[in-house]
Amino acid sequence: MTRPATSIRAPLPDGAVFDLLVIGAGATGLSLALDASRRGFRVALFESHDFASGTSSRSTKLLHGGVRYLAQGQIGLVREALSERSALLQMAPHLAQPLSFVMPAYRWWQMPFFGGGLMLYDLLAGQARLGRTRWLSRSDTLQALRGVREAGLMGGVAYWDGQFDDARLALAFARTAQQQGAQLFNHSEVLDLQREHDGLTTVLVRDRLGPAQARIRAPCVVNATGVWVDQLRRRQSAGPTAPERLVSPSQGVHLVVDRDFLAGQQALLVPRTRDGRVLFAVPWLGKLVLGTTDTPRADLPREPEAFAHEREFILNEASNVLQRPVREQDVLSQWVGLRPLVARPEEGAATNTRSLSREHSIVQDMDGLVTVVGGKWTTCRAMASDVLSHCMAHGLLPQRSPFEPWAPLLGATSPGQPPTPLHQAPGMHLYGGLAHEVLACPGADREIGMGLTEAMVRYAVRAEWACSVEDVLARRWRALFLDARQAARMAPAVAAILQDEGVSAPGLQDFLTLCGQYLPPQPGH
Ligand SMILES: Cc1cc2nc3c(=O)[nH]c(=O)nc-3n(C[C@H](O)[C@H](O)[C@H](O)COP(=O)(O)OP(=O)(O)OC[C@H]3O[C@@H](n4cnc5c(N)ncnc54)[C@H](O)[C@@H]3O)c2cc1C
Numbered sequence: 010m011t012r013p014a015t016s017i018r019a020p021l022p023d024g025a026v027f028d029l030l031v032i033g034a035g036a037t038g039l040s041l042a043l044d045a046s047r048r049g050f051r052v053a054l055f056e057s058h059d060f061a062s063g064t065s066s067r068s069t070k071l072l073h074g075g076v077r078y079l080a081q082g083q084i085g086l087v088r089e090a091l092s093e094r095s096a097l098l099q100m101a102p103h104l105a106q107p108l109s110f111v112m113p114a115y116r117w118w119q120m121p122f123f124g125g126g127l128m129l130y131d132l133l134a135g136q137a138r139l140g141r142t143r144w145l146s147r148s149d150t151l152q153a154l155r156g157v158r159e160a161g162l163m164g165g166v167a168y169w170d171g172q173f174d175d176a177r178l179a180l181a182f183a184r185t186a187q188q189q190g191a192q193l194f195n196h197s198e199v200l201d202l203q204r205e206h207d208g209l210t211t212v213l214v215r216d217r218l219g220p221a222q223a224r225i226r227a228p229c230v231v232n233a234t235g236v237w238v239d240q241l242r243r244r245q246s247a248g249p250t251a252p253e254r255l256v257s258p259s260q261g262v263h264l265v266v267d268r269d270f271l272a273g274q275q276a277l278l279v280p281r282t283r284d285g286r287v288l289f290a291v292p293w294l295g296k297l298v299l300g301t302t303d304t305p306r307a308d309l310p311r312e313p314e315a316f317a318h319e320r321e322f323i324l325n326e327a328s329n330v331l332q333r334p335v336r337e338q339d340v341l342s343q344w345v346g347l348r349p350l351v352a353r354p355e356e357g358a359a360t361n362t363r364s365l366s367r368e369h370s371i372v373q374d375m376d377g378l379v380t381v382v383g384g385k386w387t388t389c390r391a392m393a394s395d396v397l398s399h400c401m402a403h404g405l406l407p408q409r410s411p412f413e414p415w416a417p418l419l420g421a422t423s424p425g426q427p428p429t430p431l432h433q434a435p436g437m438h439l440y441g442g443l444a445h446e447v448l449a450c451p452g453a454d455r456e457i458g459m460g461l462t463e464a465m466v467r468y469a470v471r472a473e474w475a476c477s478v479e480d481v482l483a484r485r486w487r488a489l490f491l492d493a494r495q496a497a498r499m500a501p502a503v504a505a506i507l508q509d510e511g512v513s514a515p516g517l518q519d520f521l522t523l524c525g526q527y528l529p530p531q532p533g534h
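Here this note's numbering is used: the first residue of the sequence shown is 10, the next is one more, and so on.
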């Protein structure tokens with residue numbers, strides 16, 4: 010791969026000094042870069058692969074207070090997340106929206122039990138409440154969830170939460186931070202860090218698309234590399250020999266199927282599966298997302314594979330609650346993410362990550378490297394603000410107050426203008442107020458598939474840092490996540506447009522291999 014001729018991706022600024030260096034461009038690193046640049050700090054961010062290519066493009070895509078944290082009595086966590094949910098909904102209405110959920114009830118006690126809990130959820134939300142929790146009759150439930158299992162259905166409970174497009178929201182954070190002066194570099198891996206005598210830390214960065222390496226310095230460096238935080242801490246030249254483990258990864262799988270398994274505009278929640286988890290069936294970008302699982306995982310692959318028992322669990326639980334059974338051959342795509350859960354020192358190697366909290370933790374190592382881990386997409390803004398407070402309190406950055414933390418992101422549609430719902434198939438609406446920029450690129454009338462046009466691919470290179478077929482078809486456009494076979498069919502056309510934009514090696518073959526990993530194994534293989 011080479012740097013595309015028309016790309017906005019700049020060369021690494023060798024020798025430059027910033028106030029803050031952020032390592033990792035998932036939800037955590039990007040919201041930190043945004044908050045810090047809005048406060049006027051000089052910020053550079055390095056991402057070894059693509060923006061949100063780690064965990065942050067593989068979430069269930071829900072902005073939520075966490076109904077299950079409520080059941081665990083973690084009221085403070087729920088209250089904070091509900092207020093953060095509101096903030097994100099306001100910052101990017103084209104990419105983050107309220108969504109109604111229905112819990113079908115098959116036992117008499119489920120309606121009062123879960124309904125009561127959800128009314129407490131409403132109460133905790135206060136001003137941030139999105140709609141009222143309601144009990145539904147059997148016929149209202151059947152109307153709301155077309156495709157739900159009818160036998161034994163007694164009624165349901167409807168409540169509100171949020172949904173979003175994680176990879177595109179990450180991009181909106183990146184672009185807004187850039188607009189505020191931050192310099193962002195994807196496909197740029199941090200290899201090493203060294204604290205110098207002058208109080209600055211030097212970071213060695215490698216451009217993964219070319220031969221360049223750069224040394225860049227700052228008094229404050231934040232490790233926001235998700236499940237990889239401990240790997241980076243071990244790389245520090247002057248760091249302690251064996252830093253205590255901070256992260257306890259947990260794998261979650263999602264399966265995508267056609268919307269006709271559950272027609273309608275509402276999501277379905279199974280509040281208690283046979284092994285005590287929750288299961289969601291969420292309409293998203295024209296398909297239905299089923300998930301997820303919670304499996305401790307010690308290795309940290311970039312592309313974790315779904316275990317057969319995880320797929321089986323989702324298919325069985327979904328088939329229990331849907332009228333039509335879901336089979337492996339119905340799966341259009343499967344994606345797998347690793348939750349960067351905070352490790353508790355007394356727990357050693359975690360064997361049951363369900364009991365771990367999603368709260369975040371901020372740790373400063375002896376040589377000044379600040380590491381942030383944990384949290385969830387919904388609370389990334391609060392995490393960023395806590396990290397900056399930590400850095401200011403420890404003299405790594407001068408004191409500066411937050412600047413309009415709820416201000417809209419670049420591309421946000423104006424309030425009052427009803428956005429196109431995210432459960433609809435992908436289209437121009439995902440660009441919000443920047444749609445005119447896309448339409449100005451050549452090929453706006455030429456569709457490649459799944460709503461993606463030639464102009465969108467060109468725009469992805471020119472304005473959104475895309476450097477490969479995968480960058481385009483996995484994250485600028487969610488084709489790989491929605492239908493891996495269709496994404497593979499679209500790939501050669503995308504590769505040709507990238508080449509025309511100056512990308513000499515767009516990684517077509519690698520992407521076709523990846524598409525295979527996003528599908529369950531075929532019978533006979
Ligand atoms: C299955 C699943 C479902 C979830 N669902 C939800 C949900 O519905 N709602 C919600 O709010 N949250 C959800 N979450 C949680 C949420 O997705 C994560 O908490 C969040 O995405 C973590 O972001 P992060 O930035 O910490 O990590 P990441 O997104 O993994 O970002 C870290 C980045 O660091 C980069 N990196 C690593 N090493 C280096 C290096 N040496 N140099 C430069 N860069 C490096 C990686 O490439 C990566 O992009 C879910 C998580 C999972 C796994």
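Cβ atoms here follow ideal geometry from the backbone N, Cα and C, with glycine treated the same way.
Since the model is a prediction, treat every value here as computed from it, not as a measurement.
Query                                                                                                                                                              : Result
Would you report the Cα separation of LEU419 and VAL87, rounded to the nearest angstrom?                                                                           : 28 Å
With distances taken Cα to Cα, identify the nearest neighbour of ARG226 among LYS385, GLU253 and ILE32.                                                            : ILE32
At a cut-off of 7 Å, is GLY24 close to ligand 2 when judged by its beta-carbon and the heavy atoms of the ligand?                                                  : Ligand 2 is absent from the structure shown, which contains only ligand 1.
Does the contact criterion of 3 or more C-beta pairs under 8 Å hold for the region 64–72 versus the region 165–185?                                                : yes
With a cut-off of 8 Å on the beta carbons, I'd call VAL266 and VAL340 a contact; round off their distance for me.                                                  : 6 Å
Okay, do the region 451–462 and the region 485–503 touch, 3+ Cβ pairs below 8 Å being the bar?                                                                     : yes
Under the assumption that GLY171 contacts LEU104 (Cβ atoms under 8 Å), give the Cβ distance between them as a whole number of angstroms.                           : About 11 Å separates the two Cβ atoms, so there is no contact after all.
According to DSSP, THR462 sits in a beta bridge with which residue or residues?                                                                                    : GLU456
Determine the closest residue to VAL481 out of LEU299, ALA42, PRO22 and PHE60, with distance taken between C-alpha atoms.                                          : PHE60
Which of the three DSSP states is assigned to TYR130 in this structure?                                                                                            : helix
Taking buried to mean at least 16 other C-beta atoms within 10 Å of its own C-beta, is GLU413 buried or exposed?                                                   : exposed
Which value, in whole angstroms, describes the spacing of the CA atoms of VAL26 and THR210?                                                                        : 10 Å
In chain order, what residues of the same chain lie with their CB nearer than 7 Å to the CB of LEU517, ignoring the 5 residues before and after it?                : VAL478, ALA500, PRO501 and ALA504
Please confirm if the region 368–383 is in contact with the region 227–234, defined as three or more CB-CB distances below 8 Å between the two stretches.          : yes
CB of HIS399 to nearest heavy atom of ligand 1: below 7 Å?                                                                                                         : no
Can you tell which of PRO530, LEU29 and PHE490 has the C-alpha that lies nearest to the C-alpha of GLY346?                                                         : PHE490
From HIS73 to LEU129, what does the alpha carbon distance come to, in whole angstroms?                                                                             : 14 Å
Between the region 427–445 and the region 402–416, do three or more beta carbon pairs fall short of 8 Å?                                                           : no
Please report the straight-line C-alpha distance between GLY35 and GLY235, rounded to a whole angstrom.                                                            : 8 Å
Regarding ARG348 and ligand 1, is the C-beta to nearest heavy atom distance less than 7 Å?                                                                         : yes
If you drop the 5 nearest sequence neighbours on each side, which residues of the same chain put their C-beta closer than 7 Å to that of SER95?                    : ALA137
Quick check on the DSSP output: what are the complete alpha helix (DSSP H) runs of length 4 or more inside the region 236–283, in order along the chain?           : 238–244
In chain order, what residues of the same chain have a beta carbon less than 7 Å from the beta carbon of SER92, not counting five sequence neighbours either side? : ALA137
Buried or exposed for ASP522, please, with buried defined as at least 16 other CB atoms from any protein chain shown within 10 angstroms of its CB.                : Contrary to the premise, residue 522 reads as Thr rather than Asp in this sequence. Exposed.
Tell me the rounded alpha-carbon separation between ASN325 and GLN274.                                                                                             : 23 Å
For GLN536, which of LEU218, ARG217, ALA307 and PHE50 has the nearest alpha-carbon?                                                                                : For residue 536 there is no data in the structure shown, the boundaries of the chain being 10 and 534.
Among all the DSSP beta bridges, which residues are the ones paired with GLN373?                                                                                   : VAL379
So the candidates are ARG348, ARG390 and SER398; which of them puts its Cα closest to the Cα of VAL372?                                                            : SER398
Terminal residues of the continuous alpha helix (DSSP H) containing GLU326?                                                                                        : 317–330
Are SER40 and ARG471 touching if we call contact CB-CB under 8 Å?                                                                                                  : no
Which residue's Cα is closest to the Cα of LEU264: TRP117, GLY300, PHE50 and ALA45?                                                                                : GLY300
Alpha carbon to alpha carbon, how far is SER207 from VAL214?                                                                                                       : Here the sequence assigns Asp to residue 207, which means Ser is not the residue at that position. Taking the straight line from one Cα to the other gives about 20 Å.
Tell me, please, which residues DSSP counts as bridged to TRP293.                                                                                                  : LYS296
If you run the structure through DSSP and keep just helix, strand and coil, what is MET163?                                                                        : coil
What residue range does the alpha helix (DSSP H) around GLN518 cover?                                                                                              : 517–526
If contacts are defined as beta-carbon pairs under 8 Å, then LEU139 and PRO113 qualify, I think. What distance do you get, rounded to the angstrom?                : So it is not a contact: roughly 20 Å between Cβ atoms.
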